[in-house]
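For reference, the structure discussed in these notes is given below.
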Amino acid sequence: MKIFCLEDNPLVSLDLEMMIEDAGHDCVGSAVSFAEASAQWEEGLDFDLALIDIDLTDGKTGIDAARWLKARGIPGCFVTGQTELANEHRDLVIDVVTKPVDEAAIKRVFDLVE
Amino acid sequence: MFSDLEEVLIYAPFRNDGQMLSSLLETHAIQASACLDVDALSAALKDDRLPGALIVTQEALTAQVIALVRTHLSAQPEWSELTVFVLVEKGALPSTMARYLAEHWPGSRQVFYQRPLATIELLSGVQSALLARLRQREVRDHMALERELRHELNHRVKNILASVTAIFRMTARNSSSVEELTQTFGGRLMTLGSVHSALFEAGGEAVDIRELVTLILSPYGGQEGARYELSGPPLDLNKDAATNLSLTLHELTTNAIKYGAWSIESGRISISWKVEGPTFTLSWRETGGPELSEPTRRGYGTRYIRSSFQTLLGNPPEIRFERQGLALDAHGPRNRIEWGSHPDQNGAEFVGS
Numbered sequence: 139m140k141i142f143c144l145e146d147n148p149l150v151s152l153d154l155e156m157m158i159e160d161a162g163h164d165c166v167g168s169a170v171s172f173a174e175a176s177a178q179w180e181e182g183l184d185f186d187l188a189l190i191d192i193d194l195t196d197g198k199t200g201i202d203a204a205r206w207l208k209a210r211g212i213p214g215c216f217v218t219g220q221t222e223l224a225n226e227h228r229d230l231v232i233d234v235v236t237k238p239v240d241e242a243a244i245k246r247v248f249d250l251v252e
Numbered sequence: 076m077f078s079d080l081e082e083v084l085i086y087a088p089f090r091n092d093g094q095m096l097s098s099l100l101e102t103h104a105i106q107a108s109a110c111l112d113v114d115a116l117s118a119a120l121k122d123d124r125l126p127g128a129l130i131v132t133q134e135a136l137t138a139q140v141i142a143l144v145r146t147h148l149s150a151q152p153e154w155s156e157l158t159v160f161v162l163v164e165k166g167a168l169p170s171t172m173a174r175y176l177a178e179h180w181p182g183s184r185q186v187f188y189q190r191p192l193a194t195i196e197l198l199s200g201v202q203s204a205l206l207a208r209l210r211q212r213e214v215r216d217h218m219a220l221e222r223e224l225r226h227e228l229n230h231r232v233k234n235i236l237a238s239v240t241a242i243f244r245m246t247a248r249n250s251s252s253v254e255e256l257t258q259t260f261g262g263r264l265m266t267l268g269s270v271h272s273a274l275f276e277a278g279g280e281a282v283d284i285r286e287l288v289t290l291i292l293s294p295y296g297g298q299e300g301a302r303y304e305l306s307g308p309p310l311d312l313n314k315d316a317a318t319n320l321s322l323t324l325h326e327l328t329t330n331a332i333k334y335g336a337w338s339i340e341s342g343r344i345s346i347s348w349k350v351e352g353p354t355f356t357l358s359w360r361e362t363g364g365p366e367l368s369e370p371t372r373r374g375y376g377t378r379y380i381r382s383s384f385q386t387l388l389g390n391p392p393e394i395r396f397e398r399q400g401l402a403l404d405a406h407g408p409r410n411r412i413e414w415g416s417h418p419d420q421n422g423a424e425f426v427g428s
């Protein structure tokens, strides 16, 4: 399964990548802002799931990213410390994983999509 | 949201009292508004409006008016207290009324003036009340700021915990013993601590690049000049770039100690950086070390370095294992790393200060 990471913390981003690999999947791209991500997405990057942090370098645009993806039928999952905001927009994603990330929780999300 | 009013409300509906009081205050540069009837008073005391003070005449205090004021007072925010001036009739003994009002008007203080009015008394009383209002608003603003800071602090702490969790997990994946885990994790955690201190010393938001590089290298390499050389202009890094770069340089340094230039006494590291227009370039050169072989295990080491430069500068770095030692070149837009030109100051706060 191909997974995209939208995360501006480079440590968390790499950790997510490694968890994706450990689960036998591929991290096909990453970005630190919605602007950077949508540029890649509009070029036609293909993936099955996006892990989305709400706070990105261009603001709380993780919400906008989730909305963008939902409109195109691509599942997203919030991976965030912003639990209130994530729950407010729960309808935009298939699940919410809080930070610090529990590896088992992320694996459950992968299973949801497969 | 409560609107700040500097205006004194007057409810003195008999004779021409309202008008006279209003003119008196206006003459002394105090904004005033006289309510001609109960409806006007009711409108003036609508939930989001907080008058600077209220003046009422004793004869105007019907049960309805008292209740109206009480309703307004109950709806006040916790930091607000209204001063109500009650103008009592000549010869009247206000003690019963005073007790009654004190009971029925929580969130206010009542000041009684006997008629005929000494204007100087009223004026100084009103001025004190307005000053008290100013102080109340200051308290309100401080409380709001404190709430904001607490929120922000919570956010930053969560981010630090997320970062530390990630570091720990990645370190654990690539450690073959508890001793190795302890040492590697310890070194990385200390780096986080050092950069936090450096940022804090420098005001919390930025640190100069040379200071940062020295901070990371000096525990292992001593003073500049002996085992390492730095060259490049002053450049203030924003806190996220500083944190990212410090961990990355730490990785490069520990790799150099384990396999590269600093695994032998004579090895040297040279770090140089340039800023040309909008572009920042950084180079890391190791010389005098042992012959290198590309690490076969994609451990945290170089993988982290590649990944973090990608996040830092938007491009992956170029890493070459030359005969003399490891050579790394990275470049990207300076506004991603420079303090003051960060695309969004409210963005990445993965460690924070």
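Line by line, the protein sequences are chains A and B. According to this note's numbering, the first sequence holds residues 139 to 252 in order. According to this note's numbering, the second sequence holds residues 76 to 428 in order. The beta carbon of each residue, even a glycine, is placed where N, CA and C say it ideally should be. All of these numbers come straight from a predicted model, not from anything done at the bench.
Looking only at its own chain, which residues have a Cβ that is under 6 Å from the Cβ of residue i, when we skip the five neighbours before and after it?
i, result
"R372 of chain B", "Note that R372 of chain B scores a pLDDT of 38, beneath 50, so its modelled location is shaky; the value from the coordinates is reported in the next line. Excluding sequence neighbours, R372 of chain B sits near nothing in its chain."
"D249 of chain A", "none"
"V247 of chain A", "C215, D233"
"Y86 of chain B", "C110, L116, V131, A135"
Among the options, which one has its Cα closest to the Cα of residue i?
i, options, result
"L206 of chain B", "B:N249, B:S155, B:E223", "B:S155"
"I284 of chain B", "B:E254, B:T329, B:M265, B:I346", "B:I346"
"S338 of chain B", "B:G400, B:E413, B:L310, B:F160", "B:G400"
"V51 of chain B", "B:G166, B:V140, B:E153, B:R360", "Residue coverage of chain B in this structure runs from 76 to 428, which leaves residue 51 of chain B outside it and unanswerable."
"V231 of chain A", "A:D191, A:L154, A:A242", "A:D191"
"L116 of chain B", "B:F275, B:A104, B:L143, B:L367", "B:L143"
"P308 of chain B", "B:K333, B:P294, B:K349", "B:K349"
"F355 of chain B", "B:R343, B:L387, B:K333, B:R263", "B:L387"
"L312 of chain B", "B:E213, B:I344, B:R174, B:H271", "B:H271"
"I332 of chain B", "B:T259, B:S250, B:A247, B:S382", "B:T259"
"A135 of chain B", "B:E413, B:S269, B:L111", "B:L111"
"L367 of chain B", "B:G342, B:R398, B:L148", "B:R398"
"T266 of chain B", "B:S170, B:Y334, B:R90, B:L327", "B:L327"
"A242 of chain A", "A:R205, A:P148, A:C165, A:A161", "A:A161"
"L324 of chain B", "B:S269, B:M218, B:F275, B:E227", "B:S269"
"E276 of chain B", "B:K314, B:R302, B:M172", "B:K314"
"F243 of chain B", "A:T218, A:E252, A:I244, A:D240", "A:D240"
"E361 of chain B", "B:L322, B:L403, B:T377, B:S252", "B:L403"
Beta-carbon within less than 8 Å of residue i's beta-carbon, same chain only, minus the 5 sequence neighbours each way: which residues are those?
i, result
"E82 of chain B", "Q106, A107, S108, P126, G127"
"N390 of chain B", "F384, A405, H406, G407"
"Y188 of chain B", "F160, V161, L162, V163, E196, L197, G200"
"P353 of chain B", "P408, R409, N410"
"G363 of chain B", "A336, I339, S341, G342, R343, Q399, G400"
"L223 of chain A", "I192, K198, I201"
"Q94 of chain B", "A109"
"F185 of chain A", "K140, I141, F142, V166, G167, I212"
"R381 of chain B", "P391, P392, I394"
"G103 of chain B", "A small correction: the amino acid at residue 103 of chain B is His; Gly does not occupy that position in the sequence shown. Result list for H103 of chain B: L198, in chain order."
"G216 of chain B", "The question names Gly, but residue 216 of chain B in the sequence shown is Asp. Answer for D216 of chain B: no residue qualifies."
Spatial neighbours of residue i within its chain, please: CB distance less than 7 Å, with the 5 preceding and 5 following residues excluded, ordered by chain position.
i, result
"L99 of chain B", "T194"
"E299 of chain B", "T289, L305"
"T195 of chain A", "D146, V170, S171"
"Q178 of chain A", "G167, A169"
"S151 of chain A", "C143, E145, S168"
"D419 of chain B", "Because the pLDDT of D419 of chain B is 48, which lies under 50, any placement of that residue in the model is unreliable, and the number read from its coordinates should be weighed accordingly. Cβ within range, chain order: n/a, list empty."
"A273 of chain B", "V282, E286, L287, L290"
"L207 of chain A", "A188, G214"
"D92 of chain B", "T132"
"W414 of chain B", "E280, A281, D311, L312, N313"
"L320 of chain B", "L287, L312, L387"
"P365 of chain B", "S338, I339"
"A209 of chain A", "none"
If the cut is a Cβ gap below 7 Å, which residues of chain B does residue i touch?
i, result
"D153 of chain A", "A241, R244, M245"
"M139 of chain A", "Neighbours of M139 of chain A on chain B: none; closest Cβ ~20 Å, over 7 Å."
"G219 of chain A", "H230, K233, N234, A237"
Along chain B, which residues have their Cβ under 9 Å away from the Cβ of residue i?
i, result
"V239 of chain A", "A237, T240, A241, R244"
"V166 of chain A", "The contacting residues do not exist; V166 of chain A stays about 14 Å from chain B at best."
For residue i, go through chain A and note every residue whose CB falls closer than 7 Å to its CB, in chain order.
i, result
"Y379 of chain B", "L152"
"S383 of chain B", "P148"
"T386 of chain B", "P148, S151, V170"
Anything in chain B within Cβ reach of residue i, meaning under 8 Å, just list it in chain order.
i, result
"G211 of chain A", "None at all; the shortest Cβ gap to chain B is about 28 Å."
Run through chain A and tell me which residues come within less than 9 Å of residue i, C-beta to C-beta.
i, result
"T354 of chain B", "None at all; the shortest Cβ gap to chain A is about 18 Å."
#### Entry: Residues in the region 227 to 248 of chain B having any Cβ partner in chain A nearer than 7 Å
For the region 227 to 248 of chain B, the residues whose beta carbon sits under 7 Å from a beta carbon of chain A are, in order, H230, K233, N234, L236, A237, S238, T240, A241, I242, R244, M245, R248.
### Message
Any C-beta of chain A within less than 7 Å: which residues of the region 318 to 335 of chain B qualify?
### Response
The residues in question are N319.
### Task
Give, in chain order, every unbroken run of the alpha helix (DSSP H) that is at least 4 residues long and sits entirely within the region 165 to 196 of chain B.
Within the region 165 to 196 of chain B, the complete alpha helix (DSSP H) runs of at least 4 residues are 170 to 179.
### Message
Residues of the region 91 to 110 of chain B in Cβ contact with chain A at a cutoff of 9 Å, in chain order, please.
### Response
Listed by position, the residues of the region 91 to 110 of chain B near chain A (Cβ gap below 9 Å) amount to none.
### Secondary structure, beta strand (DSSP E): runs of 3+ residues fully inside the region 117 to 141 of chain B
Here the runs fully enclosed are 128 to 132.
### Query
Which ranges does the alpha helix (DSSP H) cover as unbroken runs of at least 4 residues, wholly within the region 226 to 296 of chain B, from first to last along the chain?
Counting only runs that start and end inside the region 226 to 296 of chain B, the alpha helix (DSSP H) elements of at least 4 residues fall at 253 to 276, 284 to 296.
#### Entry: Uninterrupted beta strand (DSSP E) stretches inside the region 306 to 342 of chain B (no shorter than 3 residues)
Runs found: 311 to 313.
### Query
Which runs of the beta strand (DSSP E) spanning at least 3 residues fall entirely within the region 143 to 215 of chain A, listed in chain order?
For the region 143 to 215 of chain A, whole beta strand (DSSP E) runs of length 3 or above, ordered along the chain, are 164 to 169, 187 to 190.
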